[in-house]
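Asker: Dumping the structure here so I can ask a few things about it.
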Amino acid sequence: MSLAFQTPLDLQSRRSLDDDEALIVDLDGYEGPLDVLLVLARAQKVDLLKISVARLAEQYLDFLRQARRRRIVVAADYLVMAAWLVFLKSRLLLPAPSKVSDATATPEDAARALAFRLARLEAMRQAAEALEAGSVLHRDVFTRGDPTAIRITPSGRLEESLFDLMAAYVDQRRRQSERCYAPPAAVAYRLDEARARVRALLPALGRWSALSRIAPPGADGGPDRASCLASTLAASLELVREGQLEARQLTDFAEIYLRGRAAKHGRQAA
Amino acid sequence: MTAVERMIEALLFAAAGPLSAAELAERLPAGSDVAAGLAALKARYAGRGVELACVADRWRLQTAEDLAYLMTVERQEPRRLTRAAKETLAIVAYHQPVTRAEIDLVRGVQANRGTLDTLLEMGLVRMRGRRRSPGRPVTFAVTDAFLELYGLASMTDLPGLAEMKAAGLLGLDIGAEFSFDLPGGAEAAEDPLEECETVEFNVDFLAEPVTA
Amino acid sequence: MTAVERMIEALLFAAAGPLSAAELAERLPAGSDVAAGLAALKARYAGRGVELACVADRWRLQTAEDLAYLMTVERQEPRRLTRAAKETLAIVAYHQPVTRAEIDLVRGVQANRGTLDTLLEMGLVRMRGRRRSPGRPVTFAVTDAFLELYGLASMTDLPGLAEMKAAGLLGLDIGAEFSFDLPGGAEAAEDPLEECETVEFNVDFLAEPVTA
């Protein structure tokens with residue numbers, strides 16, 4: 000490889016790139032860095048397997064520079080490729096190390112691998128075109144058109160695809176999961192909230208007051224009335240035990256009345 | 000064979016129905032002699048397996064009448080599994096060995112009893128053993144014919160969860176809780192079928208009430 | 000024209016899709032020389048408006064390619080494949096069996112998931128099995144429908160296949176290591192399927208309570 004000649008060649012390539020700017024302005028038109036490299040490599044007009052990777056690297060960096068000049072946001076993988084190419088190019092320019100360790104790939108190997116990948120991608124693109132250029136059914140060639148004619152289906156064997164099988168399975172599992180009844184968990188009126196509320200109301204509880212009036216009414220989206228009543232009662236009973244509150248109920252299922260015990264309440268407030 | 004004859008032949012072959020001479024002329028290059036082309040084509044096809052016929056002033060290619068027996072006898076519908084069958088088959092494949100009750104659990108409906116029997120008859124599913132659980136229900140598994148049908152080398156080749164996700168079949172809505180046991184993986188204890196059982200596989204409905 | 004030739008002609012004409020020699024033989028009187036009949040028929044139809052073609056190892060009658068311009072009415076633009084889809088299809092065809100990761104490697108991009116899935120849905124590509132390599136990734140191959148669509152008699156008729164093989168371009172092993180020495184690498188040659196499968200597969204959802 001005559002590396003000494005690389006620099007003048009690069010200058011030439013830069014000029015030629017400027018000539019057909021339209022080709023390289025639109026980064027959106029490319030499918031990743033390898034695609035860009037392939038387009039640039041084609042411009043070298045040599046067998047892709049024999050391409051000058053050093054020159055290609057320079058062209059690629061040029062391409063990115065132009066993209067940036069046009070303030071096109073360059074995706075990270077383009078930059079990773081750029082870094083790799085710079086690294087590869089510098090390794091290619093360095094004299095080969097005297098002792099060759101066979102364990103690690105040489106820069107020449109890496110360059111060859113890149114050239115191979117470009118050639119392979121190009122081959123696949125051409126293959127796709129060749130397939131399209133062939134006789135495509137219902138575009139270039141046509142089979143019997145009459146749908147009402149007596150027909151024979153080619154075979155009685157089952158024709159199934161794994162994809163269908165998977166889809167059938169997933170469909171059912173989805174339906175099954177939708178079928179599972181999951182009632183929304185009831186929102187409970189928290190005990191500590193109830194306690195805080197009753198404590199705050201203590202000064203106002205000089206007379207017997209009905210529990211149903213002390214408990215909050217319950218609200219949409221919040222705890223319902225039953226939970227409010229239950230939690231308020233539980234909190235009240237705690238306060239009764241602490242001696243801050245009195246409670247009484249005249250008979251079973253009758254309304255429960257609460258009254259603050261002023262003395263202790265005073266001490267608590269102090 | 001003249002160029003016009005070729006064109007008429009191709010047009011009649013690909014047409015969805017019979018074409019009149021006027022319709023043919025419209026689609027052929029200007030100045031084509033349609034009548035001569037049709038006459039030549041008719042002569043060419045005389046006595047062949049396919050013939051050129053004129054019905055109500057329209058032309059069409061059709062199979063020779065004397066060969067009709069070949070057509071009618073061999074008329075066949077393409078065989079595809081019904082949706083229910085495919086669904087049941089998928090459950091057996093992904094959960095084998097599996098009992099009827101378990102299949103119903105996944106399918107949600109009391110699975111059409113016939114579906115599993117059809118699969119058994121087609122040789123895609125087989126009875127495998129009896130679960131060591133109350134009622135000792137019969138378990139089912141897929142057969143080698145199943146593997147052949149789907150071109151799988153072995154059950155471990157069955158596409159799994161990751162592939163379902165990759166294929167876009169599993170969205171984010173079915174996430175963490177969606178999972179299944181690996182076919183052939185965790186095996187619930189079960190006994191092999193006794194010989195006589197394999198013959199009369201309808202007997203297993205006796206086991207149903209227990210597992211239901 | 001022999002009787003067998005006539006019958007083959009009629010059968011192919013009336014068939015909804017390509018028929019294999021074996022399928023033809025099934026429908027013909029015992030002892031019929033199908034191969035000879037097909038050869039004679041192919042010669043008879045050569046250069047005509049309708050021709051006998053071999054696709055996916057089966058036979059079908061189709062209009063001559065050079066007359067495509069006449070078929071304005073019949074032409075149904077086949078579902079347009081994107082450039083990425085065409086490229087992916089070519090990669091699968093020329094490298095099959097091939098994994099998703101390998102397709103991405105050849106294309107040099109993390110493929111848009113939808114591309115391969117579209118091909119799967121269209122029935123041009125199918126899942127074939129699992130690679131016997133770490134992670135056991137699912138492999139893909141093209142279907143007979145692919146061969147029929149592009150009018151190929153067999154996989155060996157792919158355009159340029161021999162040349163590509165000779166140039167060594169169809170290897171998947173080369174190029175994977177091209178991220179030499181670069182931290183992070185430009186290409187992840189690892190298969191992403193592995194992790195989630197092993198983690199999530201062993202949960203047995205059937206063990207969950209039956210009625211939630």
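These protein sequence lines map, in sequence, to chains X, B and S.
Position 136 of the first sequence, counting from 1, maps to 135 under numbering that gives the first Met the number 0, and the rest follow consecutively.
Position 191 of the second sequence, counting from 1, maps to 190 under numbering that gives the first Met the number 0, and the rest follow consecutively.
Position 18 of the third sequence, counting from 1, maps to 17 under numbering that gives the first Met the number 0, and the rest follow consecutively.
Backbone N, C-alpha and C fix where the C-beta goes; we use that ideal spot for every residue, glycine too.
Locate the alpha helix (DSSP H) running through Gly-36 of chain S, then write down its first and last residues.
Answerer: Looking at the DSSP string, the run of the alpha helix (DSSP H) that includes Gly-36 of chain S is 33-44.
Asker: Could you check which residue in S:Gly-134, S:Gly-167 and S:Leu-169 has the C-alpha nearest to that of Ala-161 of chain B?
Answerer: Considering only alpha carbons, the answer is S:Gly-134.
Asker: Report the rounded CA-to-CA distance for Leu-87 of chain X versus Ala-53 of chain X, giving the unit in angstroms.
Answerer: Each residue's Cα considered, the two are about 8 Å apart.
Asker: In chain order, which continuous runs of the alpha helix (DSSP H) of length 4 or greater are located wholly inside the region 59-88 of chain S?
Answerer: List check, alpha helix (DSSP H) in window: nothing returned.
Asker: Helix, strand or coil, according to DSSP, for Pro-106 of chain X in the structure here?
Answerer: Looking at Pro-106 of chain X - three-state DSSP - the assignment turns out to be helix.
Asker: Between S:Val-49, S:Glu-25, S:Arg-47 and S:Ala-20, which lies nearest to Leu-37 of chain S when the distance is taken from Cα to Cα?
Answerer: Among S:Val-49, S:Glu-25, S:Arg-47 and S:Ala-20, the Cα nearest to that of Leu-37 of chain S belongs to S:Ala-20.
Asker: Does any residue of chain B bring its CB to less than 8 Å from the CB of Arg-106 of chain S?
Answerer: Taking Cβ atoms only, chain B never reaches closer than 8 Å to Arg-106 of chain S, which makes this a no.
Asker: Buried or exposed: where does Cys-227 of chain X fall if 16 or more other Cβ atoms within 10 Å of its Cβ makes it buried?
Answerer: Buried, since its Cβ has 16 or more Cβ neighbours within 10 Å.
Asker: Please tell me whether Gln-171 of chain X and Val-124 of chain B are closer than 8 Å, where the distance is taken between their beta carbons.
Answerer: It is not a contact, given that the beta carbons lie outside the stated cut-off.
Asker: Please classify Ala-15 of chain B: does DSSP put it in a helix, a strand, or coil?
Answerer: Three-state DSSP puts Ala-15 of chain B in coil, outside helix and strand.
Asker: State the Cα-Cα distance for the pair Ala-129 of chain X and Asp-163 of chain X, rounded to the nearest angstrom.
Answerer: Their Cα atoms are separated by approximately 30 Å.
Asker: Quick one: residues in its chain with C-beta nearer than 7 Å to the C-beta of Arg-260 of chain X, no 5 flanking neighbours on either side, listed in chain order?
Answerer: The answer, listed in chain order, is Gly-242, Gln-243, Leu-244 and Glu-245.
Asker: Take Gly-113 of chain B as the anchor and find which of B:Ala-83, B:Gly-16, B:Leu-10 and B:Val-97 has the nearest alpha-carbon.
Answerer: Ranking the options by Cα distance to Gly-113 of chain B, first place goes to B:Ala-83.
Asker: DSSP state of Gln-95 of chain S, grouped into three classes?
Answerer: Correct three-state label for Gln-95 of chain S: coil.
Asker: Using only the alpha-carbon positions, how far apart do Phe-139 of chain B and Arg-138 of chain X sit?
Answerer: Their Cα atoms are separated by approximately 47 Å.
Asker: Where does Val-38 of chain X fall in DSSP's three states?
Answerer: DSSP places Val-38 of chain X in helix when its eight states are reduced to three.
Asker: Could you compute how far the alpha carbon of Gln-248 of chain X sits from the alpha carbon of His-94 of chain B?
Answerer: Rounded to whole angstroms, Gln-248 of chain X to His-94 of chain B spans 60 Å at the Cα level.
Asker: Decide yes or no for the touch test of the region 105-120 of chain X against the region 30-45 of chain S: beta carbon pairs closer than 8 Å, at least 3 of them.
Answerer: Not touching, per the Cβ criterion.
Asker: With a threshold of 8 Å between beta carbons, is Met-126 of chain S in contact with chain X?
Answerer: Output row for Met-126 of chain S: interface = yes.
Asker: Cα separation between Ala-187 of chain X and Val-239 of chain X?
Answerer: Rounded to the nearest angstrom, the two C-alpha atoms are 22 Å apart.
Asker: Where does the unbroken alpha helix (DSSP H) through Ile-213 of chain X begin, and where does it stop?
Answerer: Element bounds for Ile-213 of chain X: 210-213.
Asker: Roughly how far, in whole angstroms, is the beta-carbon of Gly-144 of chain X from the beta-carbon of Ala-52 of chain B, given that I think they are within contact range, below 8 Å?
Answerer: That pair is no contact at about 16 Å.
Asker: Are the C-beta of Glu-196 of chain S and some C-beta of chain X separated by less than 8 Å?
Answerer: The pLDDT assigned to Glu-196 of chain S is 36, lower than 50, so where the model puts this residue is not dependable, and the model offers no usable value.
Asker: How would you call Asp-180 of chain B, buried or exposed, if buried means at least 16 neighbouring beta carbons within 10 angstroms?
Answerer: Confidence in Asp-180 of chain B is poor, its pLDDT being 45 and thus under 50, which makes the residue's placement unreliable; the coordinate value appears in the next sentence. Asp-180 of chain B is buried by the Cβ-count criterion.
Asker: Within 10 angstroms of the Cβ of Gly-122 of chain B, are there 16 or more other Cβ atoms? Answer buried if so, exposed if not.
Answerer: Answer is exposed; the Cβ neighbour count stays below 16.
Asker: Tell me the rounded alpha-carbon separation between Leu-257 of chain X and Ser-208 of chain X.
Answerer: Whole-angstrom Cα-Cα distance: 5 Å.
Asker: How about Leu-333 of chain X: is its C-beta nearer than 8 Å to some C-beta of chain B?
Answerer: Nothing about residue 333 of chain X can be read from this structure; chain X reaches only from 0 to 269.
Asker: Tell me whether Ala-126 of chain X sits in a helix, a strand or coil according to DSSP, three-state version.
Answerer: Looking at Ala-126 of chain X - three-state DSSP - the assignment turns out to be helix.
Asker: Could you list the residues in the region 43-68 of chain S with a C-beta less than 8 Å from some C-beta on chain B, going in chain order?
Answerer: Under the 8 Å Cβ criterion, the region 43-68 of chain S contributes Gly-46, Arg-47, Gly-48, Val-49, Leu-60, Thr-62, Ala-63 and Leu-66.
Asker: Looking at the C-beta of Gly-225 of chain S, does it have a partner C-beta in chain X at a distance below 8 Å?
Answerer: Lying outside 0 to 211, the shown extent of chain S, residue 225 of chain S is not represented and no answer is given.
Asker: Of all the options S:Val-91, S:Trp-58 and S:Thr-62, which has the alpha carbon lying nearest to the alpha carbon of Ala-126 of chain X?
Answerer: Ranking the options by Cα distance to Ala-126 of chain X, first place goes to S:Val-91.
Asker: Of all Cβ atoms in chain X, is any one closer than 8 Å to the Cβ of Leu-27 of chain S?
Answerer: False, the Cβ-Cβ gap to chain X never drops below 8 Å.
Asker: Does DSSP put Gly-259 of chain X in a helix, a strand or coil?
Answerer: Gly-259 of chain X: strand per DSSP, three-state reduction.
Asker: Rounded C-beta distance between Leu-10 of chain S and Leu-10 of chain B? I'm assuming under 8 Å.
Answerer: Actually they do not touch by this definition, with Cβ atoms about 22 Å apart.
Asker: List, in order along the chain, the chain X residues whose C-beta lies closer than 8 Å to that of Glu-86 of chain B?
Answerer: By Cβ distance, chain X contributes Ala-167, Tyr-168, Asp-170 and Gln-171.
Asker: So, helix, strand or coil for Phe-62 of chain X, using DSSP?
Answerer: It is helical.
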